[in-house]
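For reference, the structure is listed below as structure tokens.
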Amino acid sequence: MRDFPSPLIEVSEMIADSGGSSLDLCYQCGTCSGTCPWNLVRDFRVRNIISLAQLGLEGYEGEDLWLCATCNACVDRCPRGVEIVDVIRSVRTIITQAGTSPKTLGAVLGSVKANGNPWSGDSNARLAWAEALQARPFTERSEYAFFACCTQAYDARNVKVGRAALKLLKAAGVNFGMLDGAEKCCGDAVRKAGGQELFDELSDSNIEMLDAKGVKKMIVGSPHCLNTFAKEYPDKGGRYEVVHMASLLAELIKSRKLRPTRTFDGGKVVYHDPCYLGRQNQVYDAPRELLKAVPGLELLEFARNRQDSVCCGGGGGRLWMETPIEERLAVLKLKEAVKMGATTLATACPYCVSMFEDAKTALDLDSFRVADVTEIIADAVEEVRPS
Amino acid sequence: MAEQFEPKIAVLCCNWCTYAGADLAGTSRMKYAPNVRLIRTMCSGRIDPSFVMTALKDGADGVLIAGCHPADCHYINGNHKTMRRFPVLHTMLAQFGIERDRVRLEWISASEGDRFVEVANEMTETVRKLGPLDWKSRTAAGNVA
Amino acid sequence: MSGKKPQLALYWAASCGGCDVATLDVNEKILDVAAAFDIRLWPIAMDFKYKDIELWADNEIDVCLFNGAVRNSEQLHLAKLLRRKSKVMVAFGACASFGGIPGLANLHDRKTIFEAVYGYTVSTHNPDKVYPAPKLKVSEGELTLPDFFDDVFALHQVIPVEYFVPGCPPTPETIMTAVGAIIEGKLPPAGSTIGINRALCDECKRTKSDKPKIERFYRPQEILTDPDKCLLEQGLTCQGSATRGGCGALCPSVNMPCRGCYGPMPSSSDAGADALSAMASIVDASDEKTADEKMARLVDPLGTFYRFTLPVSLLVRSPKQPQS
Amino acid sequence: MKNDDPRIGVFVCHCGTNIAGIVNVDSVAAAARTMPFVVHAEEYKFMCSDPGQALVRDAILKHRLNRVIVAACSPRMHEPTFRKATALAGLNPYLFEMANIREHCSWVHTDKVAATEKAIDLVKSAVAKARYLEPLESRYVNVEPKVLIVGGGVAGIQAALDIANGGTKVVLVERQQSIGGRMAQLDKTFPTLDCSACILTPKMVQAAQHPNIELMTYSEIEEVKGYVGNFTVRIRRKATFIDPKVCTACGVCIDKCPWKATSSFEEGLSKRKAVYRLFPQAVPGIPVVDKDACKYFENGKCKACEKFCEPHAFRWDDQDKIVEEKVGAIIVATGYDLIDPKLPSQYGYGKLKNVITGIEFERINNATGPTAGKIVTKEGKEPESVAILHCIGSRDRNHCEYCSRVCCMYALKFAHLIKEKTKATVYNFYIDMRCFGKGYEEFYHRLLEEGVKFIRGKAAYVTDQALTDAEQGKLIISAEATTLGKTLRVPVDMVILANAMTPQKDAADVARKFGIGRSPDGFFLEKHPKLEPVSTATDGVYLAGTCQGPKDIPDTVAQGAAAASVAMSLIQRGTVEVEAATAGVIDDLCSGCKICQDVCPYSAIGYEVDKRIAEINASLCKGCGTCAATCPSSAIVAKHFNDQQILAQIHALYAQEG
């Protein structure tokens, strides 16, 4: 006789208990699957995972589970209020605890555990990227602490974004200071990739360090840091006012502390909304205002933008996982950008920058530029741009 | 573990909105803290400040005054009087030394069963944190021969 | 006791002396009083010793007019003593009837009052922090002072009282009504207030609108009032509508709002709550923000509404400090 | 009977297991026996049943009870029942008091001990109050034999006809210039496919010509005063600038008018004139001048219409008029609105021009509509494929949590009509097919036979961004076919959104005017969801149709008829009992301060000049008790809720024992 699958309610309860309790609200309409951007390039049935998880049936833990880039598009649209990303995270946590998560992710989590960053970077050299800029250390008289994302601290491409940020902050006279390098990864990708325990360690360590220094306000360059500090650290007792570079720059330009006066020479620019900045934190206007403030810059929009924006595919640990070129969302989007006549893609997230730089290489688009809005502003401000 | 303090909450409310809202919470089988007891008047405008004071004096740890939303009174504007009396009553009770959170004014309509539940629970928790009011023994005449 | 003049005692406890002055204020009618009564005790006018009183027979006094609240052990002792010696005990004036102005001390207790009076008030110089002590040993022996209570009491809260004559002070008319009733033996049932049962508005000459509204509250010094219009409608916290009449609306007739010294109406459970409810209900505000703003102008509601009645109010007093 | 020797009987209801399942009713009855003045206490399975009520009557006689307490459900539910039972035993019905141990206790608590304790407390409170209850006299007033119906949609029309045919006068007020409502916009009706106009217009005409119906179109309710049986309603009759007594409705003015405005009846799909009829079969057929669109009102010139008007019906100085009507009952039938289809932004309405709403499709498919009944895209071409997207905004916690009930069926109807008129492939993207009515499931089956494609999965978004050649120039729907577990992209030429039915935009305002509650979904709240579906919190105000919640035409008509019958029964009765628990003045305590006069919402308090005291007009007093709480002299008593009674309740609940 064949082996009939039967529901394992204990499994379902376990998923609910580790943060996926909205699971049971799902009425299987499939909006999530239909919304999920992966389906533009490959089949990914979000609903199926939820359905299997509701009954604790085998299959929920399959390979597809690791696809989700936690872009939150489905959560926004779910008519039932299922926190789908929480369910996915919860399932990933259970699998990770069982030690059967994908190998690449294991290595990344290992690096975070050992070095405090996912890039196998030397934890003692966390501030190396900023040394030349001679930014002041954070003291109790600093208004803000600058919290550099691991990717902006160690990834060669994104280091440039971090440097541009520091130059702009100095030029605008913002009262900020650098942390001393003891900071660790905020833990966003770690948590979303199933490393809940490691996330707890990281957040505890960071909160202890930030509180000891008396940090109240932070500037971050990554929307992932923004989201984690603003929404996840408070549950752990860490309460900080966090501002993303794009929002801060928009303020500085509005208050005329920064004046982008140089004419833009990078052609037409299309802005890509990072999921964690836009959908997750409703910052849509600030980066656009920034770009519009640059003389001569023509701003284009993707057909699906703002809350409907299609993810780059780099969140939730995907940045460190291999995706075939024909299945890369960043590639798809870059093609769209080129088609509409853009020569620059601007964004505001180190993951997006990495994903689009990779896509650019894959598509052999040498003359195309991928830039963080911070870099575009730095180029446009006289005092910052190296002559 | 010490037994947790169960505050006694008096709810002085109108028949048409808040009482009906509590009814709706019932018919919808919502659950809330069993610490509240409703005392019904036809309109929140009927709620004499002395009722609130009597409840506190007698032994209630908190009092909720509740009625229809300001524009929705069954009696056109009876609740406006409640709305006018409350701020000065609240101030006066504070002068007496009664924590502000013990006495609350809320507008809860007949359709807001969920709001009733929320307020009943909030009120119970807030007052639980404040501890017993125990007015009589805290104000009893002490050193009289 | 026929043939003999009724025996009268007057006593003062925690009071300002105003009640006694008011008694003298009846002018030549005091002679009628003197003619009608045999005045046995009156500290403001006559000398006496405790032991004289103690020597009286129980119920030897026909009527005792007791003014002032009770706030220390000496006053309590005299109240009890006079109660024993008197057939009829009258709480005379607002303090004896409701606690009066001294009753506002119920917002504090002995400890905080002493700390203020003997501690930090501007005029105090007391570097050694000497506080009154009921007993003090000196070489001659032990000196005693009356024990100061945490609470201020109305007279009926410590001894049974037959009648109440309200007022701060009772007006001569009120006093003569009371005295007249006693002389003529036309007394109401025990426990009554000798006076009238309607609120002071009934006696007030000022005109009231049909639908009175309060636009905003003023303190008396902030406004020149219309001499003919109801003071409450002009924004003064006149408590005439919640206060027993009998004074002839004395204060409103001289442009001062009634402050409530004749105490609550007979069916009232709380004078302050009554006045508060009435005043707030007619404030011209139809949204919460306006209501909050306008009511915030009513300065010190507790002091306003319980100026004379705190010890007999529903809430009686503020909680005491834990004794350390 | 003397107040000083109360003999109280307490009856504790099990309500099956509704109460007894959580509250230990034996303990409650036992506790009641120990309460002051309680001489009898018992419990019973269903107190509201006939035997339950008989129990009360018998006990009153047997134990010489003079106060009765039933601890059961909400007094808002069964107080009238037990007052009647009390009265049947010869006791004044106001000597009855209820303790709510169901809605306020057993249904909301799970801890049995705490719930039983609370139930005992609630009984204690009722007993304490009962001790001071006083008999009150019931009073009656005559009912004005006329009914106001607000809203001239099919619900209002049905109610008006039913009442008028029964011989009672009706005032039917409609905001638009014609009655007919939403149904007049529809083309066919499901599942029978009758022509909507064909079945509705005869009813409209009947209503207009009925001697008992006074039609007030282009009119709105300004103010409602009064109470059951005696409402006074002020109605604003908006200026039409045409004298209806003179106009022959020939329509020449419409032809001659050179100015145009967007037609709301056509859902903005076409234009109409500045002087216009709402639609060709409008009732009444007399046009109105749209002041905003008419150039004469802008620059004082034109009047082209008037030049051709033979009967000289134009009245340029026409003003809004306020008329007053006295009615005994009111039926509110103000209908529904639709959710702004732009709110669920993922479907591209407003950006993608061939994404249309259901009601727009109704007009497109209608022979009198903007395309004369041709189903075409915005480019004027017959679509090769059409997708109908169900549940747009409905069943969605981001928008409207409820099911709109009619969309599945009209989606089927649309599919049929498209199949009938075009060769298009029709897709239905649905979550669940809800075909609950008579003949509905059969209609669904018919559509399956007609080859309509049903995809079980909610459309996630609509885009015009093609990924393949086949998608070029099409609208693409992304959805998961959940039965297959496959995500699809379906290219079509036209997308019809079945967008949610919502309350009217001014529902809050209307609710306030008539004293109606609203449920969390925003629709008007019926008194009881099952047993009093057309009554409201305000006696004498009834509901009909979709203002109470989404419903189809059969249900709407049925509710219109139901509201008519309830209103009629009130009118036929001729009198209504009015509040007995009014306020009263204790003359000896009143000092005539007049403060109470200001706080009375009904101006029921006057001033007796001779006695210089307040005086309450009992027929105006509604018993809110605000004056009693306000009176600084404690000279006003709120009967049935007097100080003594309420303070006794507070003492019973909170004062320490002894």
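Chains as they are written, first to last, in the numbering used here: chain A, 326 to 712; chain B, 1103 to 1247; chain C, 335 to 658; chain D, 436 to 1093. Just so you know, even glycine gets a beta-carbon here, dropped at the ideal spot from N, CA and C. Note that the coordinates shown come from a computational prediction; the quantities given were computed from them, not determined experimentally.
Three-pair Cβ contact test at 8 Å for the segment 1053-1073 of chain D versus the segment 1011-1029 of chain D: yes
Every unbroken alpha helix (DSSP H) within the segment 1030-1074 of chain D, with a cutoff of 4 residues, ordered by chain: 1030-1034 and 1061-1065
Chain D contact for ASN373(A) (CB, 8 Å cutoff): yes
Residue from ARG694(A), ALA490(A), LYS517(A) and ASP505(A) with nearest C-alpha to VAL499(A): ALA490(A)
Inside the segment 533-611 of chain C only - alpha helix (DSSP H) runs reaching at least 4 residues: The segment 533-611 of chain C contains these whole alpha helix (DSSP H) runs: 584-587.
Whole-Å CB distance - GLY433(C) paired with PRO645(C), under 8 Å assumed: 3 Å
Presumed contact (8 Å Cβ cut-off) between LEU1114(B) and VAL1165(B), rounded CB distance: 7 Å
Between the CA atoms of VAL608(D) and GLY686(D) - distance to the nearest angstrom: Cα to Cα, the separation comes out at about 24 Å.
Same chain, Cβ closer than 8 Å to ARG604(A), five either side skipped, listed in chain order: CYS396, ASN397, ALA398, ASP401, ASP598, GLN632 and SER634
Span separating the alpha-carbon of LYS761(D) from that of THR1143(B): 30 Å
Element boundaries [beta strand (DSSP E), containing ARG1206(B)]: 1205-1209
Exposure of ALA550(D), with buried meaning 16 or more beta-carbon neighbours within 10 Å: buried
As assigned by DSSP and simplified to three states, the class of HIS1192(B): helix
Stretch pair the segment 583-593 of chain A + the segment 618-628 of chain A: three plus CB contacts closer than 8 Å: Of all C-beta pairs linking the segment 583-593 of chain A to the segment 618-628 of chain A, three or more are shorter than 8 Å, placing the two stretches in contact.
Chain B contact for ALA630(C) (CB, 8 Å cutoff): yes
From LEU551(A), ASN552(A) and ASN440(A), residue whose alpha carbon lies closest to that of SER530(A): Between SER530(A) and the set LEU551(A), ASN552(A) and ASN440(A), the nearest pair of CA atoms involves ASN440(A).
Cβ pair count under 8 Å reaching 3, the segment 541-560 of chain C against the segment 518-525 of chain C: Short answer: they don't touch.
Distance CB(LEU778(D))-CB(LEU910(D)) smaller than 8 Å: no
Beta-carbon proximity list for ARG492(D), same chain, < 7 Å, skipping 5 on both sides: ALA520, LEU523 and ALA524
Neighbour-count burial assignment, ARG869(D), 16 or more Cβ in a 10 Å radius: buried
Validate contact between the segment 592-610 of chain D and the segment 696-712 of chain D using beta carbons, cut 8 Å, 3 pairs: no
Delimiting residues of the beta strand (DSSP E) encompassing TRP346(C): DSSP places TRP346(C) inside the beta strand (DSSP E), whose first and last residues are 341-346.
Closest residue to LEU584(C) among THR508(C), LEU412(C), ILE517(C) and ASN531(C) (Cα-Cα distance): THR508(C)
C-beta atoms of PHE743(D) and ILE931(D) nearer than 8 Å: Contact flag unset, no.
Helix, strand or coil at THR521(D) [DSSP, three-state]: helix
SER1069(D) and MET613(C) closer than 8 Å at C-beta: no
When HIS544(D), MET482(D) and HIS498(D) are compared against PHE517(D), the one with the closest alpha-carbon: Measuring from the Cα of PHE517(D), the nearest candidate turns out to be MET482(D).
Rounded C-alpha distance that separates PHE627(A) from ASP899(D): 12 Å
PRO779(D), enclosing beta strand (DSSP E) - first and last residue: Note, PRO779(D): premise wrong, no beta strand (DSSP E); not H, not E.
Nearest to LYS1046(D) (by Cα), restricted to the options ASP1022(D), ILE634(D) and GLY950(D): ASP1022(D)
Uninterrupted beta strand (DSSP E) stretches inside the segment 395-437 of chain C (no shorter than 3 residues): Considered as a whole, the segment 395-437 of chain C harbours 395-401, 404-406 and 420-426 as its complete beta strand (DSSP E) runs of no fewer than 3 residues, in chain order.
Closer than 9 Å at the beta carbon, the chain D residues around GLY1128(B): CYS508, SER509, ASN535, ARG537, GLU538, HIS539, CYS540, SER541, TRP542 and VAL543
Min CB distance GLY579(C) to chain D below 8 Å: yes
Nonlocal neighbours in the same chain, by C-beta distance under 6 Å from ALA1122(B), ignoring five residues either side: Here the set comprises ALA1212.
Residues of its chain near GLY661(D), where Cβ-Cβ distance is below 7 Å and the 5 sequence neighbours each way are ignored: Hits under 7 Å: THR667.
Chain-ordered chain D contacts of LYS1231(B) [CB-CB under 7 Å]: None at all; the shortest Cβ gap to chain D is about 19 Å.
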